[in-house]
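Okay, so here's the structure we're looking at.
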Amino acid sequence: MTQAKLIDGKAFAVGLQQRVAAGVARLVAERGPKPGLATVLVGDDPASQVYVRSKGKLAAELGMASFDHRLPSTTTQAELLTVVRQLNADPAVHGILVQLPLPSHLDSAEVLLAIDPAKDVDGFHPMNVGRLASAAPGAPLDFPVPCTPLGCSMLLQDALGSMAGSTAVVIGRSNLVGRPVAQLLLRADCTVTIAHSKTKDLAGLCRTADIVVAAIGRPNFVRGDWIKPGATVIDVGINRIPADNGKTKLVGDVAFDEAVQVAGRITPVPGGVGPMTVACLMYNTLQEARRSAGLPFAAVA
Ligand code: NAP
248 MTQAKLIDGK AFAVGLQQRV AAGVARLVAE RGPKPGLATV LVGDDPASQV YVRSKGKLAA
308 ELGMASFDHR LPSTTTQAEL LTVVRQLNAD PAVHGILVQL PLPSHLDSAE VLLAIDPAKD
368 VDGFHPMNVG RLASAAPGAP LDFPVPCTPL GCSMLLQDAL GSMAGSTAVV IGRSNLVGRP
428 VAQLLLRADC TVTIAHSKTK DLAGLCRTAD IVVAAIGRPN FVRGDWIKPG ATVIDVGINR
488 IPADNGKTKL VGDVAFDEAV QVAGRITPVP GGVGPMTVAC LMYNTLQEAR RSAGLPFAAV
548 A
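My numbering applies: residue 248 is where the sequence shown begins, and numbers increase by one.
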């Protein structure tokens with residue numbers, strides 16, 4: 248039995264980062280200023296600290312300025328909004344990332360709404376959500392698009408070229424992943440079905456799909472016999488489960504060992520969609536810096 252071709256997100260992300268670094272160098276040489284990414288972390292969640300640190304480090308490696316704002320877990324909504332407004336007004340900052348989840352006493356919807364849509368490099372501001380929802384098929388994405396969905400779309404574009412007329416099933420309807428992925432596939436002229444926990448006969452639905460995107464948060468949930476032979480499978484899931492050696496390991500939402508026997512192309516976990524998220528954050532920051540300098544949208548992907 249033939250095995251699916253692996254979609255190497257790690258390699259694609261490295262290439263994207265190199266193109267972003269070249270774009271940063273070009274921007275600085277031609278017009279300046281340096282693209283600037285501000286990260287805001289409230290509290291001391293260890294995983295969030297790691298994410299924020301790695302984003303700042305990568306921004307610096309790609310030639311950007313990075314501004315790291317650490318606020319105590321006791322920060323009030325008013326204090327956090329003040330920081331966001333200061334960053335909105337700072338001309339050296341082109342991208343603002345407020346690390347989610349926020350501590351439970353804070354209203355993240357209000358915080359996301361306060362971010363200048365032109366600096367919303369996570370693409371979660373309702374204005375950018377609306378832009379994506381109303382984007383015409385094939386029109387340039389000249390506004391920030393959520394990073395993980397953008398990464399999925401870049402990998403699909405690279406692997407398949409035109410997706411026009413393909414049937415796509417997106418499992419998951421979160422604002423973070425499922426919905427924006429579905430919007431991007433619709434923009435790419437796919438015929439899209441969004442599935443969720445109330446969907447009937449999910450396995451049968453998946454078997455009709457040329458493209459399956461799994462964004463569920465359940466380890467090995469999508470089985471090999473759900474996949475149409477030759478289909479393309481994008482596994483967004485990141486789940487930590489116990490491993491045989493007593494440690495833990497990362498697996499996706501797709502039973503990889505089964506699906507790889509049936510699919511035409513598939514992303515592994517780790518090394519698939521995961522590395523694309525932070526690379527797309529850098530891509531969005533460069534695009535916003537270009538726009539702030541009055542330069543047109545330029546696809547560096
Ligand atoms: P989420 O907000 O929990 O959404 C999960 C979605 O899956 C929901 O729409 C839910 O349906 C659906 N679902 C749950 N159980 C289901 C079932 N039995 N059958 C069908 N649908 C079901 O999760 P998320 O934030 O979208 O993240 C999804 C996964 O992607 C997670 O593993 C997360 O760690 C991963 N992730 C990875 C990256 C990356 O960088 N690669 C980034 C973000 C997220 P309902 O709406 O009906 O509840």
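We put the CB at the ideal spot given by N, CA and C, even for glycine. Quantities reported herein were computed from a predicted structural model and do not represent experimental measurements.
The C-alpha of HIS443 lies about 6 Å from the C-alpha of ILE418. In this structure, THR395 lies near LEU423, with their beta-carbon atoms less than 8 Å apart. CA-to-CA, the gap between PHE314 and GLY342 works out to about 10 Å. DSSP, reduced to helix, strand and coil, places SER313 within a strand of the structure shown.
Fully contained in the segment 352-427 are the following beta strand (DSSP E) runs of length 3 or more, in chain order: 414-418. Non-local beta-carbon contacts of THR249 in its own chain, meaning distances under 7 Å to residues more than five positions away in sequence, are absent. With contacts defined by Cβ atoms closer than 8 Å, SER421 and CYS437 do not form a contacting pair. Burial is judged here by how many other beta carbons sit within 10 angstroms of a residue's own beta carbon; LYS494 has fewer than 16 and is exposed.
In this structure, ligand 1 has a non-hydrogen atom nearer than 7 Å to the beta-carbon of ALA462. One Cα belongs to THR440, the other to THR321, and the distance between them is close to 42 Å. By the neighbour-count definition (other C-beta atoms within 10 Å, threshold 16), GLU326 is an exposed residue.
Closer than 7 Å to some heavy atom of ligand 1: that describes the Cβ of THR524. As computed with DSSP, VAL331 is found in no beta bridge at all. Fewer than three beta-carbon pairs drawn from the segment 353-372 and the segment 300-313 are found closer than 8 Å, and the two stretches are therefore not classed as touching. Taking 8 Å as the cut-off, the beta carbon of MET410 is found closer than this to the beta carbon of LEU432. Annotation for PRO515: LEU253 and PHE503 place their beta carbon closer than 7 Å to its own, counting only its chain and skipping 5 residues before and after. Around VAL520, the same chain offers GLY256, THR395, GLY398, CYS399, LEU402, ILE481, ASP482, VAL483 and THR514 as residues with beta carbons nearer than 8 Å, after the five sequence neighbours per side are excluded.
Apart from sequence neighbours up to five positions away, the residues of its chain that approach ASP457 with a beta-carbon distance below 6 Å are SER413, THR414 and ALA478, ordered along the chain. Placement of the Cβ of ALA260 at a distance of 7 Å or more from every heavy atom of ligand 1 is found. Annotated as proximal: SER355 and LEU347, with beta-carbon spacing under 8 Å.
Contact between THR524 and PRO282 does not hold, since their C-beta atoms are separated by about 18 Å, which reaches or exceeds 8 Å. Relative to ligand 1, the beta carbon of SER421 is positioned inside 7 Å of a heavy atom.
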